[in-house]
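Following numbering that gives the first Met the number 0, the numbering of the sequence shown begins with 0 at its first residue and continues without gaps.
Cβ coordinates follow ideal geometry from the N, Cα and C atoms, glycine included.
Model, not experiment: these values are computed from the prediction.
Right, one structure below, let's go through it.
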Amino acid sequence: MLTNGPAPLRVRGLGPLRAFVGDEEIELGPPKQRATFAALALSAGTTVSRAELIDRVWGETVPATAAGSLHTYVSGLRRALGPVQELLVSDRAGYTLRLGREHVDVTRAEDEAEHARATRDAGAYERALRTWTGGTILAGVPGPFAAQARQRLGTLRVQLLVELAGVAAPDPALTARLLAEIPAHPLDERLRTATMIALHRAGRTAEALTQFEDLRHRLATGLGISPSPGTQAAYAAILAEDGDAARQPADAVPVRPAQLPPDRESFVGRSAELLSIVRPGAGAAGRRRIVLIAGAPGIGKTALAVRAGHLLRDSCPDGQIHLDLRGYDPSRTALTPDAALHELLVSAGARHIPAGQDRRAALWRDLTAGKRMLIILDNARSADQVEDLLPGGGLVIVTSRDRLSRLAVRHDATRVPLGALHPDESLHLLGTAAGAGRVAAEPEAARRLTALCDHSPLAIRIAAERIAPATGPCLDALVARLEDPRCRLDTLRLDDDPRSSVRDVLSWSVTALGTGPARAFRLLGVLPGTSVTRHTAAALFGTTTEQAGSLLDTLSASSLLEQDGDRFTMPELSRAYAAELSRDLGTPQRQAALSRILSWYRATLAVTGDRDRLRWCAEHRADLVALIHAAGQAGQHTAAAELTAGLGDHFRATGRPLEWLDLLRVAMRSAEATGDRAARAVLLHHSGIAYTRLGRHDVAVRQLTRGLELLAGTDHPSYRIGLLCSLTTALREMRAHDAARGPAAEALTLAGAAGTDEHLAAALRNRAELDLARGRRPEAVRNALTGPAHARAARRRTLEAALLVTVGRVRLGLAQRAAAREAFAAARRISRDAGDHLHEGRALFGLARCREPGTGPARQALARLAELDPGGAAEVRAFLAGPGIEPVRRSPAAA
Numbered sequence: 000m001l002t003n004g005p006a007p008l009r010v011r012g013l014g015p016l017r018a019f020v021g022d023e024e025i026e027l028g029p030p031k032q033r034a035t036f037a038a039l040a041l042s043a044g045t046t047v048s049r050a051e052l053i054d055r056v057w058g059e060t061v062p063a064t065a066a067g068s069l070h071t072y073v074s075g076l077r078r079a080l081g082p083v084q085e086l087l088v089s090d091r092a093g094y095t096l097r098l099g100r101e102h103v104d105v106t107r108a109e110d111e112a113e114h115a116r117a118t119r120d121a122g123a124y125e126r127a128l129r130t131w132t133g134g135t136i137l138a139g140v141p142g143p144f145a146a147q148a149r150q151r152l153g154t155l156r157v158q159l160l161v162e163l164a165g166v167a168a169p170d171p172a173l174t175a176r177l178l179a180e181i182p183a184h185p186l187d188e189r190l191r192t193a194t195m196i197a198l199h200r201a202g203r204t205a206e207a208l209t210q211f212e213d214l215r216h217r218l219a220t221g222l223g224i225s226p227s228p229g230t231q232a233a234y235a236a237i238l239a240e241d242g243d244a245a246r247q248p249a250d251a252v253p254v255r256p257a258q259l260p261p262d263r264e265s266f267v268g269r270s271a272e273l274l275s276i277v278r279p280g281a282g283a284a285g286r287r288r289i290v291l292i293a294g295a296p297g298i299g300k301t302a303l304a305v306r307a308g309h310l311l312r313d314s315c316p317d318g319q320i321h322l323d324l325r326g327y328d329p330s331r332t333a334l335t336p337d338a339a340l341h342e343l344l345v346s347a348g349a350r351h352i353p354a355g356q357d358r359r360a361a362l363w364r365d366l367t368a369g370k371r372m373l374i375i376l377d378n379a380r381s382a383d384q385v386e387d388l389l390p391g392g393g394l395v396i397v398t399s400r401d402r403l404s405r406l407a408v409r410h411d412a413t414r415v416p417l418g419a420l421h422p423d424e425s426l427h428l429l430g431t432a433a434g435a436g437r438v439a440a441e442p443e444a445a446r447r448l449t450a451l452c453d454h455s456p457l458a459i460r461i462a463a464e465r466i467a468p469a470t471g472p473c474l475d476a477l478v479a480r481l482e483d484p485r486c487r488l489d490t491l492r493l494d495d496d497p498r499s500s501v502r503d504v505l506s507w508s509v510t511a512l513g514t515g516p517a518r519a520f521r522l523l524g525v526l527p528g529t530s531v532t533r534h535t536a537a538a539l540f541g542t543t544t545e546q547a548g549s550l551l552d553t554l555s556a557s558s559l560l561e562q563d564g565d566r567f568t569m570p571e572l573s574r575a576y577a578a579e580l581s582r583d584l585g586t587p588q589r590q591a592a593l594s595r596i597l598s599w600y601r602a603t604l605a606v607t608g609d610r611d612r613l614r615w616c617a618e619h620r621a622d623l624v625a626l627i628h629a630a631g632q633a634g635q636h637t638a639a640a641e642l643t644a645g646l647g648d649h650f651r652a653t654g655r656p657l658e659w660l661d662l663l664r665v666a667m668r669s670a671e672a673t674g675d676r677a678a679r680a681v682l683l684h685h686s687g688i689a690y691t692r693l694g695r696h697d698v699a700v701r702q703l704t705r706g707l708e709l710l711a712g713t714d715h716p717s718y719r720i721g722l723l724c725s726l727t728t729a730l731r732e733m734r735a736h737d738a739a740r741g742p743a744a745e746a747l748t749l750a751g752a753a754g755t756d757e758h759l760a761a762a763l764r765n766r767a768e769l770d771l772a773r774g775r776r777p778e779a780v781r782n783a784l785t786g787p788a789h790a791r792a793a794r795r796r797t798l799e800a801a802l803l804v805t806v807g808r809v810r811l812g813l814a815q816r817a818a819a820r821e822a823f824a825a826a827r828r829i830s831r832d833a834g835d836h837l838h839e840g841r842a843l844f845g846l847a848r849c850r851e852p853g854t855g856p857a858r859q860a861l862a863r864l865a866e867l868d869p870g871g872a873a874e875v876r877a878f879l880a881g882p883g884i885e886p887v888r889r890s891p892a893a894a
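Right, here's the structure in full:
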C-alpha cells in the first residue's frame, strides 16, 4: 500500500534533490543513483519498467552494462533508505516507490496546479505556486530525464503565474512577478501577453507596447517569425484601449473537431493498459500529457488508442483529432512533420497557415495551449516525425512500432508497452470473429491456433477470416497448416489486402531497419532456439558483445524482439519471417553463423565450473536442445554429440528422461556419422542412466554393456569408470546384487589406478550404495565416509551432495539419527545452491526420515522427486500415508 498520513519518507525536488526519513536527511549516493531515485520519485506510486528507467537515467546512449548498473543503483538506494527500504519494491513489471504523491513536492505541485486549473481560483493558484521554494530544480541530478523535468516544471511554474494573472484582480505585486520572469523566458508569448495586459490595466500602456515590440524584434531576429495571432490580437486591443478584448486574446476560428475512427465492437482485453491511459485528470485543462503506445506489428496499438479516445471523449470537449502519420505504410510515403502540421492546423481551424515548419509548430502550440483536446498521432515512425507535432496542451496518444525513447526522455511521455493478448482474450477474439460455436466445438484446436498466431489480434483475425466461410477449413485443418513453419506466413494472409498479411506487415518494419540491424534479423533466422543474449548474439553475428547488444537493442526498439532482462526473445511469427529472410544469406553464410554459435556454446560449456554448470544449463536448455537438433540436420555432427554429452549433468539433476533420450538419439546418429567410438560410449552411458530413471533397468543394462564394449581396446579410463558405476546401479535396482559386485569392484580399482578425486568419489559412492543394499553396513560406512573429501577436492558439488545423501542413508541404517540429519542437511544446502533438484529431493526425504518436525520436508521432497525419481517419489508417498512407518528402503538410482 502507499504511505498515507505522516510520511516516513519525504522527497524534495523543486530545488536540490533531497530525501528525509522523519527529520533525518538520507544520503542518496552517486549521481546516477540519484538520477534513478529522481525517476522513481517523480512517478511515486506508479511502476516504472526497467526499460523506461534505463531510458530516464541514460537517455539515448545506453551502455551495454545498463541493466546491471541499474540493479546496483537500486540496491544502493535500498541501503540508503534503511528502515523504509520496503517502500522501494520490484517485480517483473519494474520498480515502484510506494509513496503517496503528496509526499513528493514535485507531484504535490502538479496536483495543486491541476486543482487550480479546475477551479480557476486565484487562491488555489497561489497555493500551487508556493510549492516552489527557489533554487535549481533537481540540482545535482544528471541525465536527460532530470533535464527535461527541470524544463517542464520551470515552464509549469511560469504557466501558473500567467494563468493566475488571468483570474486575479489587478495587483502591482503580481505585475512585478510577471516582469521578473521575462529575462529568463524572453520568447514565451503567453507570458508576454499576460504581462502586456497587466501593465495596460495598471495604466502603464507604454511599457505594455514596449514589451510587444521587444518580443517581435526577438522573434524576427532569432527565429525569423512573427508573434502569434493571439499575441497580435492582444496588442491590437491595447492600442484600441479595449479592455475586454485585451482580457481574452483572439484565437483561431472556434472549431471542435471530432475525428475519432469508429470503435471496434470486437475489441477485447487491454484493461490494465486502458486504465493507465484513461486515468483521472487525463484531459485536464492546460496540462499536456503524452502517452506512447509501443508494440509489435498487428498487436492492436491503433485499436487501443481509438478505444481510449472514445472513453475520453467527454473529458476532451475542445475536440479530438486523429492523424495517420503513415510511418509504416506500403502504399504511401510517411507524412513529413511540415505536412502533418498543415493537417493538424486545418483540423484545429487555423485561418492562415504560415509557411515553414517552425512557424507552423509555433502556431500549433499556441492554438492548443490550455485546451482540453485529444490528439492521436497514429503509426509514427520516429521521434523526429513527432516532436514538432506535440501540442501546447491536452492529451496526446502516439502509436508506434518503435520505442521512441526520445519522447520519454525529452517530453516525459508515458510509455504503454503492448504485448500479446492473454490466451483467454485470444479465444474470445477468435470466437467473436469466427463464431463462438466453432470455438466451442474444437476448444483444444482453438487454443493451439491462437498460440500459433502469437496471440496477435491481426493474426487471429486473419485466421478467423480463413475459417469464417461455411466452406472454409475446420480449426484442426487450419492448425495443421500453421504447425508447419514453412506454411505459417502463407496461411496468415488475405490475397486481396496487403494490410491483412502478417508477412507484409512484418516486412515494413524490417525494411525500415538499417543495413546492420537488417542483417542481424536475418541471422537470427538461422538460430533454431527461442532466445539470445548479447553474448550468444555476438557469436551468431560475428561481432563484439557491445556491437551485438546495440543491434539487439535496435531490433527490440522496433518491436521485432522482446526483451526480458538480459535475454531477447523473438515471437514465433517474427521467427518464421526471419527464417524466410535468412535464406537470402546463402548456405555458406548460414553454415558459418551456425558454426560460430555452436563453437560459443561448446567453449562456454567447457569452462563453466561445476558450481554454475547446472544453473547455466537450465537457463540455456531450450536453446541448446533446438541447436543440437539443427546441428545434426546441418551435418555438424561433432558439435551435436559434444553438446549433448555436456548436458548430461543437467538432465541427471533435473529429470525429463524422455526428452533426454530423444536428444540422445539425435546425438547418437551424429556420433555414428563421425565414427567416434568414445563419443558413442558416452552417449550410451547417458542413455543407460535415462532408462534407469524410467525403471527400464534391463534396457539400461544393455545400453551400458554396449558402451563398455565400444571402449574395449581404447584408453578412456574415466569413461569406463562412469559406465561401470552406472551398470552397478542398474543391476542393483534389479536386485542383481551378485552381478553388480564385478563392475563395482572394477570401477573402484580403475579409479584407484587413475588417482583422480572425481573418479574415486564416484566409485566409492557406487560401492557404498551396493554394500548398503547388500546389508553390509560397516563396509558401506567406510566407503561412504571416504568419498565426500574426494568430491570436494575435485570441486564436484553435485557428486559431494550425492555422497552425503549416501552417508546419511548409512548413518540412518545404523540408527545414528543426529549424524544422519547432519549429512542430509549438508547435502540439501549444497544441492540447493547448485540447482540440483534430484539430490535436494533425496536429502529432504532423508531429513523427513530423521523425524524432522511436521511433514514439510517430506512434501518438499515429493515436489522435487515426482518427475525426477518416480521410485523415490513412491517411497515418499508411502511415508506420508503412514507416518511413523519406515518405507521399504531402496537405493537411489544413478546420480
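- Message: Can you list, in chain order, the residues of its chain with a C-beta nearer than 6 Å to that of Phe-823? Leave out the 5 residues immediately preceding and following it.
- Response: Excluding sequence positions up to five before and after Phe-823, its CB lies within less than 6 Å of the CB of Gly-807, Ala-842, Gly-845 and Leu-846, all in the same chain and listed in chain order.
- Item | Collapsed DSSP secondary structure at Thr-413 in the structure displayed | Three-state result, Thr-413: strand.
- Query: Can you tell which of Arg-97, Pro-296, Thr-230 and Val-305 has its C-alpha closest to the C-alpha of Glu-272?
  - Reply: Val-305
- Message: Assuming the contact rule is C-beta atoms closer than 8 Å, Ser-581 and Val-525 should be a hit. Round their C-beta distance to whole Å, please.
- Response: 5 Å
- Which listed residue (Ala-605, His-684, Thr-367 and Ser-404) has its alpha carbon closest to that of Asp-552: Ser-404
- Item | Boundaries of the beta strand (DSSP E) in which Val-397 is found, first to last residue | 394-399
- Are the stretch 427-440 and the stretch 392-409 touching, with three or more C-beta to C-beta distances below 8 Å? no
- Item | Pro-5 (DSSP reduced to helix, strand or coil) | Confidence at Pro-5 is low in this model, with a pLDDT of 44, below 50, so the placement of that residue should be treated as unreliable; the coordinate-derived value is given next. Three-state DSSP puts Pro-5 in coil, outside helix and strand.
- Message: Can you find the residues in the same chain that come closer than 8 Å, C-beta to C-beta, to Arg-151, ignoring five residues on each side of it along the sequence?
- Response: For Arg-151, where only same-chain residues beyond five positions count, the Cβ hits under 8 Å are Asp-411.
- Task: Would you kindly report the start and end of the unbroken alpha helix (DSSP H) that includes Ala-633?
- Result: First-last for Ala-633: undefined, no H or E at that position.
- Which one or two residues does DSSP pair with Pro-15 in a beta bridge? Ala-138
- Query: What's the C-alpha gap between Arg-705 and Ala-680?
  - Reply: 8 Å
- Since Gly-721 is in the alpha helix (DSSP H), which residue starts that stretch and which ends it? 716-732
- Could you tell me the boundaries of the beta strand (DSSP E) in which Asp-323 lies? 319-323
- Query: Hey, quick one: how far does the alpha helix (DSSP H) through Ile-224 stretch, first residue to last?
  - Reply: Neither: Ile-224 is in no alpha helix (DSSP H) and is coded neither H nor E.
- Tell me the DSSP bridge mates of Gln-562? Paired residue(s): Phe-567.
- Tell me where the alpha helix (DSSP H) around Asp-423 begins and ends. 422-433
- Item | Best match in Leu-811, Tyr-718, Ser-265 and Ala-792 for proximity to His-427 [C-alpha to C-alpha] | Ser-265
- Query: When the distance is taken between beta carbons, is Ala-711 closer than 8 Å to Thr-727?
  - Reply: no
- Query: What residue does the alpha helix (DSSP H) around Leu-87 start on, and which one ends it?
  - Reply: Where Leu-87 is concerned, there is no enclosing alpha helix (DSSP H), although the beta strand (DSSP E) it sits in stretches over 87-90.
- Message: Closest to Leu-488 by C-alpha separation, out of Asp-475, Arg-100 and Leu-505, would be which residue?
- Response: Leu-505
- For Ile-289, which of helix, strand or coil comes out of DSSP? strand
- Task: Grab the span of the beta strand (DSSP E) containing Ile-352 for me, first residue to last.
- Result: That residue, Ile-352, is in no beta strand (DSSP E); it is neither H nor E in DSSP.
- Look at the alpha carbon of Thr-939 and the alpha carbon of Arg-97, and state the distance between them as a whole number of angstroms. Given that the chain is displayed from residue 0 to residue 894, the structure contains no residue 939 and the question cannot be resolved.
- Assess, as a yes-or-no matter, whether the stretch 669-685 is touched by the stretch 639-647 under the definition of 3 or more beta carbon pairs within less than 8 Å. yes
- Query: Arg-595 and Gly-541: beta carbons closer than 8 Å?
  - Reply: yes
- Continuous alpha helix (DSSP H) stretch holding Leu-693: start and end: Element bounds for Leu-693: n/a, residue is neither H nor E.
- Is it the case that the Cβ atoms of Val-83 and Pro-7 are separated by a distance below 8 Å? yes
- Query: In terms of residues, what are the limits of the beta strand (DSSP E) holding Thr-95?
  - Reply: In the DSSP assignment, Thr-95 falls within the unbroken beta strand (DSSP E) covering 93-96.
- Message: For a quick check, are the C-beta atoms of His-736 and Ala-772 less than 8 Å apart?
- Response: yes
- Message: Quick check: what's the CA-CA separation for Arg-734 versus Ala-666?
- Response: 31 Å
- Please classify Leu-474: does DSSP put it in a helix, a strand, or coil? helix
- Message: Suppose only complete runs of 3+ residues qualify. What are the beta strand (DSSP E) ranges in the stretch 735-777, listed by chain order?
- Response: none
- Query: Under a three-way DSSP split, which group does Val-20 fall into?
  - Reply: Strand.
- Task: Just tell me which of Ala-121, Gly-122, Asp-90 and Thr-130 has its CA closest to the CA of Glu-109.
- Result: Looking only at Ala-121, Gly-122, Asp-90 and Thr-130, the smallest Cα-Cα distance to Glu-109 is reached by Thr-130.
- Query: Which residues in the same chain have their Cβ closer than 7 Å to the Cβ of Leu-137, if we skip the five residues on either side of it in sequence?
  - Reply: Gly-12, Leu-16, Ala-37, Ala-145, Ala-148 and Arg-149
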